[in-house]
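Structure first, commentary second.
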Amino acid sequence: MTATRQYPMQITIADRELRLRERLRDRLELAARLRCAEHGQQVIAVSIHGRENGWFDSVWVTCCESLEQQAAGIVKERC
Ligand SMILES: [Zn+2]
């Protein structure tokens, strides 16, 4: 039997005001718990770049587009 290693989602947040991490904490936790129905993988990493007025860009590293869309759907583009 092969043990499946759990990789916790790697989170990088670049935000001048340092508030995004706090505001996104619950959403990121949910996204980290997602598992791809097709590949059985969890989200590998996300980087978040803060912009003006609570908006931010997120870049995801996932096994496929479908998992990325689920994750991005949870962590939307505005706080
Ligand atoms: Zn997948």
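Quick note on the numbering used here: the sequence shown kicks off at 12 and runs consecutively. Just so it is clear, CB atoms sit at the ideal spot from N, CA and C, and this is done for glycine as well.
Tell me which residues share the same chain as residue i and place their Cβ nearer than 6 Å to its Cβ, disregarding the 5 neighbours each side in the sequence.
i: Q21; result: A56
i: C47; result: C74 and L78
i: R62; result: none
What are the boundary residues of the beta strand (DSSP E) that includes residue i?
i: I22; result: Q21 to A25
i: I55; result: Here I55 belongs to no beta strand (DSSP E), and DSSP marks it neither H nor E.
i: V70; result: F67 to V72
I'd like the list of long-range same chain contacts for residue i, defined as Cβ closer than 8 Å, with 5 residues on each side in sequence excluded.
i: V88; result: Inspection of the sequence shows that residue 88 is occupied by Glu rather than by Val. Contacts found: W66, F67, D68 and S69.
Whose C-beta lies closer than 7 Å to the C-beta of residue i among residues of the same chain, with five residues either side of it excluded?
i: I24; result: L31, R32 and I59
Taking residue i as part of the alpha helix (DSSP H), name the residues at either end of that continuous run.
i: R89; result: No alpha helix (DSSP H) holds R89; DSSP gives it neither H nor E.
i: L35; result: L31 to R44
Are the beta-carbon atoms belonging to residue i and residue j less than 9 Å from one another?
i: R38; j: V86; result: yes
i: Q81; j: L35; result: no
i: A43; j: Q52; result: no
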